[in-house]
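Chemist: As they're listed, the protein sequences go chains F and L. The first sequence begins at 1 in this note's numbering and counts up one residue at a time. The second sequence begins at 397 in this note's numbering and counts up one residue at a time. Each residue gets a CB set at the ideal place from its N, CA and C atoms; glycine is no exception. This one's a predicted model, so the numbers in the text were calculated from it and none came from an experiment. Before I ask anything, let me first share the structure, which is written out below as structure tokens.
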Amino acid sequence: MAKTTDSSQFKTSHSNAAVAPASSNSPSGLAGNMLMGLLPIAVGILIALLLHFLLPKMVGLYYSRIVTDIGIAVIMAVSLNIVNGMTGQFSIGHAGFMTVGGYMAAFVSYYGSMCLWGSTETHGGFLGSGECLFVASCIVGGLLAAGAGYVVGLPSLRLRGDYLAIVTLGFGEIIRVVLQQTGKVIDSAEALKAGGLSQLVPPPVGGALGFGGVPKYTNLFWVFTILTITLVVAYRLKRSSFGRAMISIREDEIAAQAMGVNIARQKVLAFVIAAFFAGVAGGLFAHERGVILSPKDAGFQRSFDYVIMTVLGGRGSITGVMLAAGLLTALPEFLREFEQYRLVVYALLLIIMMLVRPQGLLGIHEVWDLWPRRRTTSPPRAASKSSSPVSSQETK
Amino acid sequence: MSDFVQTLITALAIGSLYALIALGYTMVYGILKFINFAHSDIVVLGAWSSYTLAVRILPWLTLDPHNPATVPPFWVAAVVMLVAMMFCGVVGFAIERLAYRRLRRAPRLNVLITAIGVSLLLQNVGQLNFVFGASPQKMPALLPSWELASIAFGEGESARRVVIGLIDVVIFSLATTLMLMMQYLVFHTKLGVAMRAVSFNTDTAALMGIPVDRVVSFTFVLGSVLAAAAGFLYVMKYPSMNQPAHAIWVLLGLKAFVAAVIGGIGNVRGAVLGGFVIAFVEQFGAFYISSNYRDVYVFALLIVILLVKPSGLLGSPVREKV
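Have a look at this one:
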């Protein structure tokens, strides 16, 4: 009897001992993971706050406007990179998604603030009710763009490479032409009340003249907060099984399919995620000071800009694309005096880049990959003194 | 009825231009498997170089290039067109030699980006002040505005006349001649056999002793020459020319590419068929539904055709071997 109880006790205690560390570990591990996951976002928001309150005082409005532009361009390029760089699909209609999101967001915030506050002026201060409406409108814009991304992603199941490129390009053009046919913007709250809300169907968003008068809510804080979220999502996606499946499609579609990757789902997913962030970026763009939304924004020329950023940055490299987006947005501002030659240089740069360094600035690597990679490229040293990196770290 | 006939005539003229441009896209795609985005800029180059040439030649003949009433002798149009074609042929050769040839084994995405780069380069070099300038111009009339035929529909007062102008006939017949020459070249000459062999399998063609580089160069020259002819004819029909980087040119090239895809890319006859299909859809859609959406019809047709028959109307599906 005693023996058995002993053994059972032993068993239970043993099992307890085995389970206890695991069970006590997992919540703290989970919390730790969540903290680690939230840390980049917290840091990003901190940076955004600092930029928002310090930058305009330090460098003036003109340069902080350029920084805002860079932020939006980075969001666009990083999100396009999910489709072009990671999944290896060639989308040249990304500006189409941006414009869909931008118009939707502008529509919501313009007519929304008319209904709520009777005017289209900015309402409430920093983080006030106006900005809440603005953020909500951006998200609505993003969702609509994601829907468009789903629709555009569907043909990608049947089409590859260049054909898909042409379809995405056609999508952007269709968006442009359809937006050109929309009606005149209703310019006062009284007119909106008098005519009733039924005037908003189909949406009067200005036609070929563009959608002006959108409240100017976009500031450095929101741009960089959303940029942070985009970066975190893109980076974590790249590291997740979804991201690896996408990369496998890029490397070899047939092999990926043979390994059990659901190609159709991954491609559409890539399009939907990329389109969502493009839509949100469009919302930011629409509410930026000095911007009048125009159907032209959906055209292929703007899409090419973002494609060029992803290519110059390196396919699949998030930091590389950030670098390229920053450079290519800032460079034209400083080359304004040479306006005529600017685009010639731009084009030459692109061709030479493709001929000389076809993998882009950083290739498939991130900025922080460059440093350790240089060490491992010298195998004899690494093989003979395997402990040397550790000791060097310790001495540091 | 009269409207129908008038639209038909316009569609035939425009369709033959689309077909000419589409031939260049489809040949390059057939051989190198990439979209030559710079092709539409060769069309622009053809149009603008013929403009530049015309405004130089006309004063030399003591004619005022900006007076629409003066009509030069026929040989001026022929010379302008031939010189523009030769010039574009040289540019096409140079582009292939300097940019694309080095990327023959590169990933297709890189080649595509290079093509976009070449396209941007041509556009923006063309916009420079000492090249073509960045403002729209009016092409001097090189052909008399004769009415070759005038068909009356209806009786008496309500009769509506449909006019067939010289320019429409010239465009259609010249384009058709060029296309028939292409057809002969591709299907009945040794060079054509070589082109088709390279397009079928480059490596095997090289093993069979076909000079692949020379065939590719020739294809580019041929495509560029046809594009130049199309550019010249286009500005003969629509004399108000936009500046080289204007979106309308890119759109023209895109529609021609769509024509090539619809017909089955890589297929010479398909490109011609696609050109006419696109023009008919565009012109009749613009007339009978709404002219605001004319670009939408083309791209919508493209998406529908790609979804229903991804290899195009005349293309044969390619089975991928693993």
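(1) If you run the structure through DSSP and keep just helix, strand and coil, what is isoleucine 308 of chain F?
(2) Scan the region 659-687 of chain L for residues whose Cβ lies nearer than 8 Å to a Cβ of chain F and list them as they occur along the chain.
(3) Kindly say whether threonine 376 of chain F, judged by its beta-carbon, lies nearer than 8 Å to any beta-carbon of chain L.
(4) Under 7 Å Cβ-Cβ, which residues of chain L neighbour glutamate 173 of chain F?
(5) What does the alpha-carbon distance come out to for the pair glycine 207 of chain F and arginine 498 of chain L?
(6) Does the region 516-526 of chain L touch the region 632-649 of chain L, meaning 3 or more C-beta pairs lie closer than 8 Å?
(7) Just to check my reading of the structure: phenylalanine 489 of chain L and proline 640 of chain L have Cβ atoms closer than 8 Å, yes? What is that Cβ distance to the nearest angstrom?
(8) Which partner residues of serine 613 of chain L appear in the DSSP bridge assignment?
(9) Does isoleucine 41 of chain F get closer than 8 Å to chain L when you measure Cβ to Cβ?
(10) Using a Cβ-Cβ distance cut-off of 8 Å, determine whether methionine 104 of chain F contacts chain L.
(11) Would a C-beta distance cut-off of 8 Å place methionine 86 of chain F and glycine 243 of chain F closer than the cut-off?
(12) One question on the structure: do glutamate 190 of chain F and aspartate 691 of chain L come within less than 8 Å of each other, judged by their Cβ atoms?
(13) Is the shortest distance between the beta-carbon of threonine 719 of chain L and the beta-carbons of chain F less than 8 Å?
(14) Rounded to whole angstroms, what is the Cα-Cα separation between alanine 22 of chain F and arginine 357 of chain F?
(15) Whether or not the region 624-640 of chain L and the region 596-615 of chain L are in contact is what I'm after, with contact meaning three or more pairs of Cβ atoms, one per stretch, closer than 8 Å; do they touch?
(16) Exposed or buried, which one is aspartate 297 of chain F when buried takes at least 16 other CB atoms within 10 Å?
(17) Tell me which same chain residues have a C-beta within less than 7 Å of the C-beta of isoleucine 563 of chain L, skipping the five on either side of it?
(18) Here's the rule: buried if 16 or more other CB atoms are within 10 angstroms of the residue's CB, otherwise exposed. What is cysteine 138 of chain F?
(19) Which residue comes first and which comes last in the alpha helix (DSSP H) that contains glutamate 251 of chain F?
(20) Taking only beta-carbon atoms, is aspartate 305 of chain F less than 8 Å away from chain L?
(21) How would you label threonine 573 of chain L, buried or exposed, when you count the other beta carbons within 10 angstroms and need 16 or more for buried?
(22) Quick check on DSSP: helix, strand or coil for glycine 426 of chain L?
(23) Reducing DSSP to helix, strand and coil, say where alanine 545 of chain L ends up.
(24) Kindly indicate if chain L contains any beta-carbon less than 8 Å away from that of glycine 299 of chain F.
(25) For a contact meaning CB atoms closer than 7 Å, what does glycine 170 of chain F contact in chain L?
(26) So if I threshold CB-CB distances at 7 Å, which residues from the region 81-114 of chain F count as touching chain L?
(27) Going by the CB atoms, is the gap between glycine 316 of chain F and leucine 323 of chain F shorter than 8 Å?
(28) Looking at the strands, I want to know which residues DSSP matches up with glycine 561 of chain L.
(29) Can you give me the C-alpha to C-alpha distance between alanine 255 of chain F and lysine 267 of chain F, rounded to a whole angstrom?
(30) Assuming the contact rule is C-beta atoms closer than 8 Å, isoleucine 318 of chain F and tyrosine 235 of chain F should be a hit. Round their C-beta distance to whole Å, please.
(31) Could you pull out every residue in the same chain whose Cβ sits closer than 8 Å to the Cβ of glutamate 337 of chain F, ignoring the five residues on either side in sequence?
(32) So, does the CB of arginine 498 of chain L fall closer than 8 Å to a CB anywhere in chain F?
(33) Which value, in whole angstroms, describes the spacing of the CA atoms of leucine 61 of chain F and tyrosine 150 of chain F?
(34) Along chain F, which residues have their Cβ under 8 Å away from the Cβ of phenylalanine 653 of chain L?
(35) Our contact map puts serine 446 of chain L next to methionine 482 of chain L with C-beta atoms below 8 Å; I'd like the distance itself, whole angstroms only.
(36) Using three-state DSSP, classify methionine 482 of chain L as helix, strand or coil.
Modeler: To lay it out plainly:
(1) Isoleucine 308 of chain F sits in a helix when the DSSP states are folded into three classes.
(2) Those would be none; no residue qualifies.
(3) Confidence at threonine 376 of chain F is low in this model, with a pLDDT of 48, below 50, so its placement is unreliable and the value that follows should be read with caution. Threonine 376 of chain F does not count as touching chain L.
(4) For glutamate 173 of chain F, the chain L residues whose C-beta falls within less than 7 Å of its own C-beta are Asp691, Phe695, listed in chain order.
(5) Cα-Cα distance, rounded: 45 Å.
(6) Yes, they touch.
(7) The beta carbons of phenylalanine 489 of chain L and proline 640 of chain L sit about 20 Å from each other, so the pair does not count as a contact at 8 Å.
(8) BP columns for serine 613 of chain L are empty, so no partner.
(9) For isoleucine 41 of chain F, the closest Cβ of chain L is not nearer than 8 Å.
(10) No - not a single Cβ of chain L is within 8 Å of the one on methionine 104 of chain F.
(11) Cβ atoms of methionine 86 of chain F and glycine 243 of chain F: closer than 8 Å.
(12) It is not a contact, given that the beta carbons lie outside the stated cut-off.
(13) Chain L is shown from 397 up to 718; residue 719 of chain L falls before or after that span and cannot be answered.
(14) Confidence at alanine 22 of chain F is low in this model, with a pLDDT of 41, below 50, so the placement of that residue is unreliable and no value is reported for it.
(15) Result no; under three Cβ-Cβ pairs closer than 8 Å.
(16) Looking at its Cβ environment, which holds 16 or more other Cβ atoms inside 10 Å, aspartate 297 of chain F is buried.
(17) The beta carbon of isoleucine 563 of chain L sits closer than 7 Å to the beta carbons of Leu539, Met632, Lys633 from its chain, once the five residues preceding and following it are set aside; these are given in chain order.
(18) Under the 10 Å beta carbon count, cysteine 138 of chain F is surrounded by 16 or more other beta carbons and is classified as buried.
(19) 241-251 is the extent of the alpha helix (DSSP H) around glutamate 251 of chain F.
(20) Cβ-Cβ to chain L under 8 Å: no for aspartate 305 of chain F.
(21) Its Cβ having fewer than 16 others within 10 Å, threonine 573 of chain L is exposed.
(22) The answer is helix: DSSP assigns glycine 426 of chain L an H, G or I state.
(23) Strand at alanine 545 of chain L.
(24) Chain L, which has a Cβ nearer than 8 Å to the Cβ of glycine 299 of chain F, makes this yes.
(25) The contacting residues are Phe695, Leu698, Ile699.
(26) Going along the region 81-114 of chain F in chain order, one finds Phe90 with a Cβ nearer than 7 Å to chain L.
(27) Against a cut-off of 8 Å, the Cβ pair of glycine 316 of chain F and leucine 323 of chain F comes out as no contact.
(28) The partner list for glycine 561 of chain L (beta bridge, DSSP) reads L:Glu543.
(29) Roughly 15 Å between the two C-alpha positions.
(30) Yes, they are in contact, since the Cβ atoms of isoleucine 318 of chain F and tyrosine 235 of chain F sit about 6 Å apart, within 8 Å.
(31) For glutamate 337 of chain F, where only same-chain residues beyond five positions count, there are no Cβ hits under 8 Å.
(32) So, interface residue.
(33) Between leucine 61 of chain F and tyrosine 150 of chain F, the C-alpha separation is close to 38 Å.
(34) What phenylalanine 653 of chain L touches in chain F: Ile166.
(35) Actually they are not in contact, since the Cβ atoms of serine 446 of chain L and methionine 482 of chain L sit about 11 Å apart, beyond 8 Å.
(36) Helix.
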